[in-house]
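Numbering (the working numbering), first residue to last: 46 to 293. Beta carbons: idealized from backbone N, C-alpha and C, even for Gly. Only a predicted model underlies this, so the values are computations on that prediction, with no experimental measurement involved. Some notes on the structure that comes next.
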């Protein structure tokens, strides 16, 4: 059974002692009765260190008014800031022990670029401070390539002035999305995301979302998007480099 929308943000607030005594008591009562809720709490608790530290300023700044309404009213159809933070924390934590992560959003499939932008907007250089070994990266690259039917290799993912940090698979509504992340020396987090394409190929186009520049395109089998904080010209250059390398 899937948990109601807003569960992650509620549990994160409970872990942070940000609920009123009455709200805390209600959550604790639910934890004695709902096995799915207990499992989700254990999942989120595993994300506590070190990833939670990277998001603490965002958690502290997030408004609690909407959060408190989750105990009394149906969830809003919009994705709240705090639910995105909770999803990102869980996503990052599980990424260290698994190459596949499941994140649940309510938006339709065509908004996948918006979903990527929403959680990429939460990334900071500290989020990507871990330095995986070359062996770990090679394993991630191979597993991700196999899962999405792509020919991936470390040398094809090498970029100037950017350090490859992780390669993982995100599942959104049973659709696999590869996320390849770098830490750009000048502009911070940078990512290439890839998912299967059932439509016609499409030439490269540019857009902006949440203050980040995006270049996206598609071939016969996959859709691609590059997203980062560099200028439109810089992101376009990175996208061109990756398109050339991945087409080999």
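When DSSP states are grouped into helix, strand and coil, residue 241 belongs to the strand group. Taking a 10 Å sphere around the C-beta of residue 246, we find fewer than 16 other C-beta atoms and assign the residue as exposed.
Note: residue 272 is bridge-paired with 236, 259 in the DSSP secondary-structure output.
Under the 8 Å Cβ criterion, the segment 271–278 counts as touching the segment 235–252, having at least three qualifying pairs. Taking C-beta atoms as the reference points, residue 178 and residue 212 fail to come closer than 7 Å. Contact check for residue 227 against residue 209 passes: the beta carbons are separated by less than 7 Å.
In terms of Cα proximity to residue 258, the closest of 171, 183, 161 is 161.
As a beta-bridge residue in DSSP terms, residue 252 pairs with 259.
Its chain contains 197, 198, 199, 202, 212 as the residues whose beta carbon lies nearer than 8 Å to that of residue 186, once the 5 sequence neighbours on both sides are disregarded; these appear in chain order.
The beta carbon of residue 207 lies closer than 7 Å to those of 227, 228, 229, 230, 235 in the same chain, with the five residues before and after it left out. Taking residue 223 as the centre and dropping the five residues before and after it, the same chain places the C-beta of 189, 193, 214, 239 closer than 6 Å to its C-beta, in chain order.
When the Cα atoms are used, residue 181 and residue 175 turn out to be separated by approximately 12 Å. DSSP lists no beta-bridge partner residue for residue 181.
Judged by DSSP secondary structure, residue 265 falls outside any alpha helix (DSSP H); it is assigned neither H nor E.
Rounded to whole angstroms, the separation of the alpha carbons of residue 59 and residue 195 is 41 Å. A straight-line Cα-Cα distance of about 41 Å links residue 72 and residue 252.
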